[in-house]
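Enquirer: My questions will all concern the structure given below.
Number of protein chains: 2
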Amino acid sequence: MSRSLSCYRCGDRYDDDTRVRCACGEPLWIDARPTASSWDDRPDRGGMWRYEALLPIDRPEGVAGAAGGTPLVRTPGLDDATGGRAFVKDEGENPTGAYKDRGSAVAVPHAIAAGDDVVGTVSYGNMAISTAAHAASLDRECVVFVPADISGVRLELIAQYEPTIVRVSGEYGKLYGDALALSERHPISVLVSDAPARISGYKTAVFEIYDALAPETPDVIALPASSGGFASGVWLGIRDLESAGLLAERPRVCLVQTAAADPLTRAFEAGATEPTPMSPDETGETIAHSIGNPDPPSGARALAAVRDTGGAVVSVTDDEIRAAQRRFAVDGGFCVEPASAATLAGVSRLAERGEVAADDSVVLVPTGTGFKEMGTGEAAVETEAVHRTDLSDRLESLLGSRRP
Amino acid sequence: MSRSLSCYRCGDRYDDDTRVRCACGEPLWIDARPTASSWDDRPDRGGMWRYEALLPIDRPEGVAGAAGGTPLVRTPGLDDATGGRAFVKDEGENPTGAYKDRGSAVAVPHAIAAGDDVVGTVSYGNMAISTAAHAASLDRECVVFVPADISGVRLELIAQYEPTIVRVSGEYGKLYGDALALSERHPISVLVSDAPARISGYKTAVFEIYDALAPETPDVIALPASSGGFASGVWLGIRDLESAGLLAERPRVCLVQTAAADPLTRAFEAGATEPTPMSPDETGETIAHSIGNPDPPSGARALAAVRDTGGAVVSVTDDEIRAAQRRFAVDGGFCVEPASAATLAGVSRLAERGEVAADDSVVLVPTGTGFKEMGTGEAAVETEAVHRTDLSDRLESLLGSRRP
């Protein structure tokens with residue numbers, strides 16, 4: 001494939017595929033320009049490497065081979081809540097439990113191929129865990145920049161892969177720009193949320209959804225939005241499918257934010273093409289840690305993805321997220337993190353507004369497993385206590401006897 | 001496919017496929033008797049339902065569709081520790097993070113098809129979580145029998161799917177037998193660890209390993225052993241492959257136990273065909289909760305699987321398990337639970353004894369994700385603190401500058 005970069009906004013092209021941002025200021029992505037034959041020639045293998053020809057590296061050994069290839073599941077139990085026909089694309093079924101593995105599987109080997117023995121990332125959550133795992137698998141050093149006040153729980157999840165962990169004091173939100181400068185100055189690739197090779201990895205989620213649903217095409221793809229990186233990857237995947245002549249109509253990309261930090265929703269509602277960064281005063285606390293981003297680096301591109309596909313951006317409260325998380329488990333059988341549950345809450349909002357038709361196929365993309373931070377042992381759980389020898393009596397009163 | 005049951009030991013057959021044990025006392029399994037054409041005709045789809053024709057039910061909707069289809073990954077970082085060529089079959093990438101989903105995906109709909117609206121299980125770990133999730137997905141009641149002293153962490157993981165949770169006082173180890181009696185007396189299928197439909201689900205893991213490695217066949221398949229249910233499923237899968245004429249040589253099934261509860265290792269070393277249940281006095285504490293089973297209901301069948309394939313059973317200590325868990329993460333990029341890490345420790349033991357050849361393909365099967373009970377925030381993690389404006393100086397001393 002071509003390995004040139006281009007800017008979605010001004011159209012400028014660059015040959016250096018380690019560059020992150022265009023001279024115009026917007027983030028770049030890597031061109032693939034697939035044709036119909038790119039689909040016909042796919043190898044018959046599992047996982048995201050079925051689309052190797054459309055990625056900027058060859059399939060590496062190690063944990064990268066376990067990334068992607070997640071199931072898409074028809075989930076009638078969530079139809080009511082979505083207003084359409086619900087499908088779940090369970091990105092929790094990745095090696096580190098999040099879609100981030102698709103990006104790391106491409107971006108970490110890509111950085112190594114470009115000559116960097118050391119990779120890094122700016123994250124205290126799923127991206128940090130994933131980048132550290134993929135670096136470990138390829139036996140490379142990894143430096144993770146976390147905020148000074150990171151929780152012990154998150155620290156432990158990252159530390160298992162033994163990266164160098166640097167607690168950064170000062171304004172953590174400024175680290176995105178710092179990371180690009182540090183990558184230029186020192187022999188390290190700090191793989192930020194919208195590193196172009198990451199975005200290439202993310203687009204494979206759309207290819208898998210397309211292939212699993214064919215000959216039907218999805219009407220709505222709903223995902224949580226934070227930096228705008230995943231939304232960019234989903235849009236790139238849709239553009240690749242269009243380039244290959246496979247899409248009659250674009251799926252509507254619907255992004256869901258937490259009301260605690262929703263610059264994209266505000267910009268979408270105001271008709272703006274760029275989000276306005278939210279100040280610390282405007283930004284609230286939320287259980288949806290993974291998407292509490294007041295200043296998304298790919299925010300303008302995410303908004304363009306939504307507008308290009310006729311989608312929407314909505315915000316939901318923590319209460320709505322909790323209710324949606326419960327529905328994912330109780331009506332769907334899926335354990336998802338709060339940020340992922342937001343997708344269902346967001347689509348419910350759209351359905352209430354009449355923006356989902358009953359026959360629409362609605363693909364919810366829970367981006368991360370709920371198992372990572374569940375099981376604190378602090379939840380109140382209702383149980384009953386029965387002695388072993390009384391179990392039959394108890395079941396008799398609960399269920400009665402078998403008919404003869 | 002045929003839906004009759006048979007006994008691996010005495011060969012007796014039964015037409016009632018809800019029966020669990022043979023009159024001879026041993027557990028039953030469901031016959032499939034595949035031929036070579038069973039493989040040629042597989043549909044091109046992801047997940048375990050590629051083998052639908054060899055399963056006793058049709059593919060259901062819901063979370064069952066997300067079970068199996070896990071990646072098999074060449075993992076050179078673990079070659080040293082295995083003494084051969086290491087592959088990881090990452091069963092953590094299941095919807096509830098464990099191979100148990102393969103069993104629940106078949107057994108829960110199978111019980112419903114047999115007329116039971118209520119399912120149950122005897123477990124306080126992965127099997128409970130999985131059974132509750134699959135029942136929720138199909139909108140059926142689920143009753144989970146847990147020990148009276150279950151931890152709050154585990155309770156929370158199970159309770160998210162809202163089954164009825166019964167804390168059972170009295171001797172929890174006797175509940176396997178009770179469960180069979182309760183299922184006969186009341187309109188509930190209590191799906192124990194070796195319910196025949198579960199075993200059918202487990203065999204798909206072997207089919208996937210075979211298909212991913214073809215034309216090579218695996219030399220060693222290493223898994224943790226507790227009840228012997230998964231070992232039985234792996235053996236059934238191997239027998240199906242042989243029946244279809246696809247295997248020139250059987251992979252050696254190697255089972256790994258915790259030294260705290262290792263009746264299978266003791267029986268294997270003593271040349272016995274049946275394990276002797278261990279008393280509470282003989283049974284120790286272990287970090288590998290998932291396999292601390294002193295009285296495995298499918299123990300004799302698991303031993304038969306090992307002997308039939310030329311495999312082995314070994315026990316490992318908690319210290320070995322901790323070291324192996326670290327290696328899985330640091331050298332492989334995989335986060336696995338302690339019971340799963342035991343596979344690597346066990347194969348290392350076999351390698352030391354000269355039972356693994358350098359060119360052997362060794363498939364480690366981590367059966368469950370490590371994310372469920374990790375992140376207590378209590379681990380000591382080494383970090384360094386740097387102010388944002390000093391990061392470049394810090395990277396300069398760590399890594400130097402880029403060459404011009």
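Listed in order, the protein sequences are those of chains A and B. Residue 1 is where the first sequence starts when you use the UniProt record's numbering, and the numbers rise one by one after that. Residue 1 is where the second sequence starts when you use the UniProt record's numbering, and the numbers rise one by one after that. Heads up, the beta-carbon is just placed ideally off N, CA and C, and yes, glycines get one too. Note that the structure is a prediction, hence the values are computed from the model and not measured.
Assess contact between the stretch 315-328 of chain B and the stretch 282-290 of chain B, defined as three or more Cβ pairs (one per stretch) separated by less than 8 angstroms. Is contact present?
Expert: The stretch 315-328 of chain B is in contact with the stretch 282-290 of chain B.
Enquirer: Mind listing which residues of the stretch 163-178 of chain A have their C-beta closer than 8 angstroms to chain B's C-betas, in chain order?
Expert: For the stretch 163-178 of chain A, which is checked against every Cβ of chain B, the residues closer than 8 angstroms are Thr164, Ile165, Val166, Arg167, Val168, Ser169, Gly170, Glu171, Tyr172, Lys174, Leu175, Asp178.
Enquirer: Does asparagine 94 of chain B get closer than 9 angstroms to chain A when you measure Cβ to Cβ?
Expert: Answer yes: the Cβ-Cβ gap between asparagine 94 of chain B and chain A drops below 9 angstroms somewhere.
Enquirer: Please name the residue in A:Ala107, A:Val106, A:Ala98 whose C-alpha comes closest to that of isoleucine 129 of chain A.
Expert: Of the candidates A:Ala107, A:Val106, A:Ala98, the one whose C-alpha sits nearest the C-alpha of isoleucine 129 of chain A is A:Ala98.
Enquirer: List the residues of chain A that cysteine 335 of chain B touches, going by C-beta distances under 9 angstroms, in chain order.
Expert: What cysteine 335 of chain B touches in chain A: Pro95, Thr96, Gly97, Ile129, Ala133, Leu157, Gln160, Tyr161.
Enquirer: Give me, in chain order, the residues of the same chain whose beta-carbon lies closer than 8 angstroms to that of arginine 21 of chain A; leave out the 5 immediate sequence neighbours on both sides.
Expert: Hits under 8 angstroms: Pro27, Leu28, Leu180.
Enquirer: Taking 8 angstroms as the threshold, find out whether the stretch 325-335 of chain A comes into contact with the stretch 249-263 of chain A through three or more Cβ pairs.
Expert: Taking 8 angstroms as the limit for Cβ pairs, the verdict is that the stretch 249-263 of chain A does not touch the stretch 325-335 of chain A.
Enquirer: How long is the line joining the alpha carbons of glycine 25 of chain B and valine 336 of chain B, rounded to whole angstroms?
Expert: So the alpha carbons of these two residues sit roughly 35 angstroms apart.
Enquirer: Which stretch, first to last residue, makes up the beta strand (DSSP E) that contains arginine 252 of chain A?
Expert: Segment 252-258, the beta strand (DSSP E) holding arginine 252 of chain A.
Enquirer: How is proline 147 of chain B classed by DSSP in three states: helix, strand or coil?
Expert: Correct three-state label for proline 147 of chain B: strand.
Enquirer: Against chain B, does glutamate 61 of chain A count as a neighbour if the rule is that its beta carbon must be under 9 angstroms from one of theirs?
Expert: Chain B contact via Cβ: present.
Enquirer: Name the chain B residues whose beta carbon is nearer than 9 angstroms to that of lysine 100 of chain A?
Expert: By Cβ distance, chain B contributes nothing, its closest Cβ being about 13 angstroms from lysine 100 of chain A, past 9 angstroms.
Enquirer: By how many angstroms is the C-alpha of valine 108 of chain B removed from the C-alpha of proline 218 of chain A?
Expert: Their Cα atoms are separated by approximately 29 angstroms.
Enquirer: Among B:Tyr202, B:Leu399, B:Thr389, B:Asp211, which residue has its Cα nearest to the Cα of leucine 223 of chain B?
Expert: Checking every option, the nearest Cα to that of leucine 223 of chain B belongs to B:Tyr202.
Enquirer: For glycine 299 of chain B, does the count of other Cβ atoms within 10 angstroms reach 16, so buried, or fall short, so exposed?
Expert: By the 10 Å Cβ count, glycine 299 of chain B comes out buried.
Enquirer: Does glycine 103 of chain A get closer than 9 angstroms to chain B when you measure Cβ to Cβ?
Expert: So, not an interface residue.
Enquirer: Answer with yes or no whether the minimum CB distance from threonine 389 of chain B to chain A is below 9 angstroms.
Expert: Yes, threonine 389 of chain B counts as interfacial toward chain A.
Enquirer: Can you tell me where the alpha helix (DSSP H) holding arginine 167 of chain A begins and where it ends?
Expert: First-last for arginine 167 of chain A: 164-169, but that is the beta strand (DSSP E), not the alpha helix (DSSP H).
Enquirer: Taking 9 angstroms as the CB-CB limit, is leucine 246 of chain A close to chain B?
Expert: No, no contact with chain B.
Enquirer: Looking at threonine 283 of chain A: is its Cβ nearer than 9 angstroms to the Cβ of valine 190 of chain A?
Expert: It is not a contact, given that the beta carbons lie outside the stated cut-off.
Enquirer: Taking alanine 248 of chain A as the reference, which of A:Tyr210, A:Pro275, A:Ala260 has the closest Cα?
Expert: When each option's Cα is compared against that of alanine 248 of chain A, the closest is A:Tyr210.
Enquirer: Use the C-beta contact count for glycine 92 of chain B: other C-beta atoms within 10 angstroms, 16 or more gives buried, fewer gives exposed.
Expert: Buried: at least 16 other Cβ atoms inside 10 Å.
Enquirer: Does the stretch 357-371 of chain B come close enough to the stretch 361-381 of chain A to have 3 or more Cβ pairs within less than 8 angstroms?
Expert: Cβ pair count under 8 angstroms is three or more, so yes.
Enquirer: If contacts are defined as beta-carbon pairs under 8 angstroms, then leucine 5 of chain B and proline 196 of chain B qualify, I think. What distance do you get, rounded to the angstrom?
Expert: Between proline 196 of chain B and leucine 5 of chain B the Cβ distance is about 6 angstroms, and since that is below 8 angstroms, they are a contact.
Enquirer: What do you reckon, are the CB atoms on valine 356 of chain B and glycine 125 of chain B nearer than 9 angstroms?
Expert: Not a contact, by the Cβ cut-off of 9 angstroms.
Enquirer: What's the C-alpha gap between threonine 276 of chain A and serine 392 of chain B?
Expert: Spanning the two alpha carbons is a distance of roughly 28 angstroms.
Enquirer: What residue does the beta strand (DSSP E) around isoleucine 30 of chain B start on, and which one ends it?
Expert: Counting along the chain, the beta strand (DSSP E) containing isoleucine 30 of chain B begins and ends at 28-30.
Enquirer: Residues of chain B with CB closer than 8 angstroms to the CB of arginine 74 of chain A, please, in chain order.
Expert: In chain order: Glu61, Gly62, Gly65.
Enquirer: Against glutamate 384 of chain A, what residues of chain B qualify as contacts under a CB-to-CB distance less than 8 angstroms, listed in chain order?
Expert: Under the 8 angstroms cutoff, chain B gives Thr164, Ile165, Val166, Arg167.
Enquirer: I need the boundaries of the beta strand (DSSP E) containing phenylalanine 87 of chain B, first residue and last residue.
Expert: First-last of the beta strand (DSSP E) with phenylalanine 87 of chain B: 85-89.
Enquirer: Considering only the alpha carbon of each residue, which of A:Val166, A:Ala214, A:Asp308, A:Gly173 lies closest to serine 361 of chain A?
Expert: Nearest of A:Val166, A:Ala214, A:Asp308, A:Gly173 to serine 361 of chain A, Cα basis: A:Ala214.
Enquirer: Within 9 angstroms (strictly less), CB to CB, does glycine 400 of chain A reach chain B?
Expert: Glycine 400 of chain A counts as touching chain B.
Enquirer: I want to verify the contact list: residues of chain A whose CB lies under 8 angstroms from the CB of aspartate 90 of chain B, in sequence order.
Expert: Those are Ala66, Pro95, listed as they occur along chain A.
Enquirer: Glycine 368 of chain A bridges to which residues according to DSSP?
Expert: In DSSP, glycine 368 of chain A forms a bridge with A:Ala98.
Enquirer: Which class does glycine 299 of chain B belong to by DSSP, given the choice of helix, strand or coil?
Expert: The answer is helix: DSSP assigns glycine 299 of chain B an H, G or I state.
Enquirer: Please list the terminal residues of the continuous alpha helix (DSSP H) segment that includes isoleucine 199 of chain B.
Expert: 196-213 is the span of the alpha helix (DSSP H), which, as asked, contains isoleucine 199 of chain B.
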